[in-house]
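Q: Take this structure first; my questions come after.
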Amino acid sequence: MYNFEFVKPLSVADAVSALSDDGAQALGGGQTLIPTMKQRLASPDILVSLANIVEMRGVKHFSGNVTIGGATTHEAVAAADAFAGLTTLAGNIGDPAVRNRGTIGGSLANNDPAACYPAAALATGATITTNSRDIAADDYFQGMFTTALEEGEIITSVTMPIPEASNYQKFDQPASRFALVGVFVAKYAEGVRVAVTGASEDGVFRWSEAEVALSANFSADAIANLSLDASGMIKDLHGSKEYRANLVKVLTGRAVGLAS
Amino acid sequence: MPKDSGIGASSKRREDVRFLTGAGQYTDDINIHGQAYVHFLRSSIAHGRLNGVDTSTAETMPGVVRIFTGSDFEGVGGLPCGWQVTDRHGEPMQEPAHPVLAQGKVRHVGDPIAAIIADSPSQAIDAAEAIVVDLEELPAVVDMKEAVKNGATKVHDDLTSNLCYDWGFVEENKDAVGEAFEQAAHVTTLELVNQRLVANPMEPRVAIGNYNRANDESTLYTTSQNPHVIRLLMGAFVLGIPEHKLRVVAPDVGGGFGTKIFHYAEEAFCTFAARQINRAVKWTCSRSEAFMSDAHGRDHVTKIELALDADNNFTAIRTDTLANMGAYLSTFAPSVPTWLHGTLMAGNYKTPLIYVNVKAVFTNTVAVDAYRGAGRPEATFQLERLIDKTARELGVDPIALRRQNFITKFPYATPVAVEYDTGDYVATMDKLEQIADLSGFEARRKKSEADGQLRGLGINCYIEACGIAPSALVGQLGARAGLYDAATVRVNATGTISVMVGAHSHGQGHETSFPQVVAEMLGIDEGMIDIVHGDSSKIPFGMGTYGSRSIAVCGSAMVRATEKIITKAKKIASHLLEASEADIELKDGQFNVIGTDKSCAWGDVTLAAYVPHNYPLEEIEPGLEETAFYDPSNFTYPAGAYACEVEVDPATGKVTIERFSAADDFGNVINPMIVSGQVHGGIGQGIGQALLEHGIYDENGQLLSGSYMDYAMPRASDVPFFEVDHSCQTPCTHNPLGVKGCGEAGAIGTPPAVVNAVIDALHSGGHTHVTHIDMPVSPSRVWSAING
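Top to bottom, those sequences are chains H and Y. Counted the way my numbering counts, the first sequence spans residues 45 to 304. Counted the way my numbering counts, the second sequence spans residues 2 to 789.
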């Protein structure tokens, strides 16, 4: 690891100010950034920790929505038990050490193609609130490790409409236990949303055909005749494109069956 | 009634108190005043011509003490290979040079190019980034089949090819085996891969070299399973330091699994450099570095065939194996696919004719050497997968086919050079059928089917050769060392005992089990006895711990030394009790004159030995300390039968191990709890190989699974509770304790049981086109096999 300055602002405003410096980098829970720095693959001059900003922590319910502060840890989200799919998702990220350090804002800002939270945000049609604006999840995710965030912009909170029923099915990559494929199904009065992580070369995506079928008939049978095009899927040591396409369908069916 | 001390007691592991409370003393816990730190600049490419290393800028950087490159080692020896194999044509294997730092070429990702010594680790890394390496990239040789083709790029320019040796065993049997196949009623053939594994001990390697100018003495602290072997190899063959000026210490070591047997470049470097700069030099391996510098394991590609007569008796076995050596010959690499593999190819069966061919191949990959089981898992996997396939082709019960062909008369001379002294394979199979509740399997399968899961049962039998090894025999086979061991029993004046043992304990629980043996022999409390190990200055000699040899070989030396102690103590007691030596018995820590009520205590005798006021000085020396060296007359042959039950989710291909049972025959058992623990660990590692682990290179020689992001280690949730039993005991006939060794059994016996179970599950689901899946049997591989 190279040397760097470390600052711990206490407010969003101070953090934004600190991040205006060239070479400054925001630090959430550090579950991706710190290992990258230890390998000398990242070398920020100034690390701006968001961990001490009280206004960015906590889980609040308000008229059918849940709002999660950007610096809220996975463990705190799991403990808040906002709705079934989200609780399962947060409680199965990494291991206890990861869950007690990693944050929802950090995960969404990084947008790792195999991370879990992007699936929840996209499937619930979440609103991602930053220090300067609100961004709809459908506009926020723009491909692997790419988001709508501008340089120096901080995710202060994420607001998810609470679904009538939801479930998250994660199939572990055997080594890292990231999602080899993860499927989040969320059922609302206005329709069903299905978001898939881990599978696509373009990062998290909505499986529109399944959403249409499930909105008409919320049962695994509704997607029995659908098939997912494997051509845009990820291929690596742990699974082929076809295998991932299969997992998306299998996990979607299971998520529907288990949604609560 | 279970014993509460001595042989057969499940004494609690006394070493665990320090391990579990953070009080262990590992090599990295050792810091020497004024030490400097070394960082190795390693090759990032698999194969390249090294035209130059410019260290001029780096040398001026803050904290840099000195930078070494390959040219600094031109007058120094290379890393030696401890075993020579003679090929089918009587020629010695091709043995390339293995410099401490790369000279002329780099041959694998991780090959060390330069060593930067600085005042702090980060200064050394900073300086490494300023070194300019002139490397001309060459095509990498990764695939073994490509490597042995004519015209293939050579890993070592001065060798005739990438073929290390072409070994035939037993060469004289080759034609007879061929005839047996021609006459066979049935032949089953299987091609399989025993994949490359990375050992991944919890503690990465560490080396600290220290030099004392006052007495010209060098000390190496290192994470080793065998400090004396390192002293011998490094002192005599690499650095030219005589043994009396070289001390090697291996303190607490956090797991070895074979990969800490070998003599590594980093050990030689730290010892060498400490003399050069007159300052201690410390190296602590990172996990990333371990993936590219620790010797890997396995990596065989095999075609195996079994011939049977019309009555399903095995008549012949023939194998063709390509064994990866990696870029250099690690210390014992040549022995693994040959003498630790070919000699086990008979398994538990009376197959009269066997021919094993092994071609060892150099590639641009990390060196491959012994890893828990070393050659024996490869032999067992081939044979037991093949027998399972045979049973399926013949439509016979796989257990019945095995039972029909079991060896039942002992001693049994195999057609592959070794003689099994004892065993009872029927007994362990009977025990297995009981503890695995095989009669209830069909009901469990129906229940799984009702849940949409495919349930399979896999059986495996194994035999291994442990207690390594009779020196005379291994000398004939090419070993360049004897494989005896040594122990000194030092009885102190007040009766407590230190036993200096050549075996090293790094997870095996020797500090508990070895004293149990001495306590049993003397009838004294275990707590009065400690063992001392891991320091060449404290123990007489030792060949270390590997090949499930510690209790069978070093334990035997300890027994012999303790017998000498008893003989001398009885002489002293006879003097004190004024009785004839022949009338003295040692019982429960007391010397009695048989047939009288005269006795004296253990402590009376030990005190007399050191305070010899009333002592037969004219007959015997004072003191009570004895040393014994023990060289076994044969290997030991632990054996057993394993059963694995899996559920396969046909939609995802995920395999879950629902039940695992192991019936082992280890001969006599010193501490049943420790033995169960060793079996548990071995099964865990075996499940890791069967389902998860894979050291995999791309075509350019980059290790794709070079971190825990992609190299899947087994975790607690990957394994079920195990049913283990070692009540079937046929004691070894040729060592004094009747013990056989238990350290590797689980890793040997498990992988075929798991894969056999997966294939069985798929067949039960109608996927009968699947006859084999290579390990690791990952979800994607299972799904692809089903849908292939």
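Just so it is clear, CB atoms sit at the ideal spot from N, CA and C, and this is done for glycine as well. Predicted model, so just to flag it, every value in this text is computed and none were measured.
Can you grab the Cα-Cα spacing for the pair E72 (chain H) / M204 (chain H), in whole Å?
A: One detail in the question is off: residue 72 (chain H) reads as Gly in this sequence, not Glu. Roughly 20 Å between the two C-alpha positions.
Q: Counting only beta-carbon atoms, is A312 (chain H) nearer than 8 Å to chain Y?
A: There is simply no residue 312 (chain H) to check, as chain H begins at 45 and stops at 304 in what is shown.
Q: At a CB distance below 7 Å, what residues from the region 279-300 of chain H approach chain C? Give them in sequence order.
A: Structure shown: chain C not included; protein chains present are H and Y.
Q: Would E379 (chain Y) and H342 (chain Y) qualify as a contact pair, given that the criterion is a beta-carbon distance under 8 Å?
A: yes
Q: Provide the residue span of the beta strand (DSSP E) that contains R299 (chain Y), from first to last.
A: 298-309
Q: Between the region 202-226 of chain H and chain Y, which residues of the former have CB atoms less than 7 Å from a CB of the latter, in chain order?
A: F215, P218, A219, S220
Q: Using 8 Å as the threshold, is the C-beta distance between R749 (chain Y) and T344 (chain Y) below it?
A: In the sequence under discussion, the amino acid at residue 749 (chain Y) is Ile, which differs from the Arg named in the question. It is not a contact, given that the beta carbons lie outside the stated cut-off.
Q: What in chain H is Cβ-close to L693 (chain Y), meaning under 7 Å?
A: P218
Q: Going along chain H in order, which residues have a C-beta closer than 7 Å to the C-beta of W784 (chain Y)?
A: For W784 (chain Y), the C-beta contacts it makes with chain H under 7 Å involve Y287, N290, in order along the chain.
Q: Starting from R561 (chain Y) and walking both ways along the alpha helix (DSSP H), at which residues does that stretch end?
A: Residues 556-577.
Q: How close, in whole Å, do the beta carbons of F270 (chain Y) and A466 (chain Y) come, if the pair is a contact with beta carbons under 8 Å?
A: Not really, about 34 Å apart at Cβ, beyond 8 Å.
Q: Could you tell me if L240 (chain Y) is buried or exposed, where buried requires 16 or more neighbouring beta carbons within 10 angstroms of its beta carbon?
A: buried
Q: What separation, rounded to the nearest whole angstrom, lies between the Cα atoms of Q69 (chain H) and I198 (chain H)?
A: 11 Å
Q: What residues from the region 679-711 of chain Y come within 7 Å of chain H, judged by C-beta to C-beta, listed N to C?
A: L693, I697, L705, S706, Y709, M710, D711
Q: Could you name the residues of chain H that S781 (chain Y) contacts, counting a contact when the two beta carbons are closer than 7 Å?
A: H282, G283, S284, Y287
Q: Below 7 Å CB to CB, which residues in the same chain sit around T116 (chain H) once its five sequence neighbours on both sides are set aside?
A: R101, G102, V103, T147, I148
Q: List the residues of chain H whose Cβ lies closer than 7 Å to the Cβ of T285 (chain Y), in chain order.
A: Ordered by position in chain H, no residue passes the 7 Å Cβ test against T285 (chain Y), which lies about 14 Å from the chain.
Q: Tell me whether L224 (chain H) sits in a helix, a strand or coil according to DSSP, three-state version.
A: DSSP places L224 (chain H) in strand when its eight states are reduced to three.
Q: Can you tell me the Cα-Cα spacing of A124 (chain H) and I179 (chain H), whole angstroms?
A: Distance between the alpha carbons of A124 (chain H) and I179 (chain H) is about 24 Å.
Q: Fully enclosed by the region 108-142 of chain H, which beta strand (DSSP E) runs are 3 residues long or longer?
A: 109-113
Q: Give the list of continuous alpha helix (DSSP H) stretches no shorter than 4 residues that lie fully inside the region 229-302 of chain H.
A: List check, alpha helix (DSSP H) in window: 252-260, 285-302.
Q: May I have a chain-ordered list of the beta strand (DSSP E) segments no shorter than 3 residues that lie completely inside the region 71-115 of chain H?
A: Qualifying beta strand (DSSP E) stretches, in chain order: 90-93, 103-106, 109-113.
Q: Would you be able to state if there are at least three C-beta pairs under 8 Å between the region 483-493 of chain Y and the region 263-282 of chain H?
A: no
Q: Hey, would you say R276 (chain Y) sits closer than 8 Å to S219 (chain Y), going by beta carbons?
A: In this structure, S219 (chain Y) lies closer than 8 Å to R276 (chain Y) by Cβ.
Q: Quick check: is the beta carbon of T653 (chain Y) nearer than 8 Å to any beta carbon in chain H?
A: yes
Q: I need the straight-line Cα distance from S287 (chain Y) to R206 (chain Y), nearest angstrom please.
A: 8 Å
Q: With a Cβ-Cβ cutoff of 8 Å, do K360 (chain Y) and D167 (chain Y) count as a contact?
A: yes
Q: Could you tell me whether the Cβ of A713 (chain Y) comes closer than 8 Å to any Cβ of chain H?
A: The Cβ of A713 (chain Y) sits closer than 8 Å to at least one Cβ of chain H.
Q: With a threshold of 6 Å on Cβ separation, who are the neighbours of D726 (chain Y) within its own chain once the five nearest residues in sequence on each side are excluded?
A: K432, I436, A664
Q: Excluding the five sequence neighbours on either side, which residues of its own chain have a C-beta within less than 6 Å of the C-beta of F263 (chain Y), listed in chain order?
A: A296, S331, T332, D370
Q: So L458 (chain Y) packs on F442 (chain Y), CB below 8 Å; how close in whole Å?
A: 5 Å
Q: Looking only at DSSP bridge pairs, what is V670 (chain Y) linked to?
A: Residue pairing for V670 (chain Y): DSSP places it in no beta bridge.
Q: Excluding sequence positions up to five away, which residues of its chain have a Cβ less than 7 Å from the Cβ of Y212 (chain Y)?
A: S219, A275, R276, N279
Q: Could you tell me the distance, in whole angstroms, from the CA atom of R19 (chain Y) to the CA atom of T260 (chain Y)?
A: 24 Å
Q: State the Cα-Cα distance for the pair P617 (chain Y) and A570 (chain Y), rounded to the nearest angstrom.
A: 12 Å
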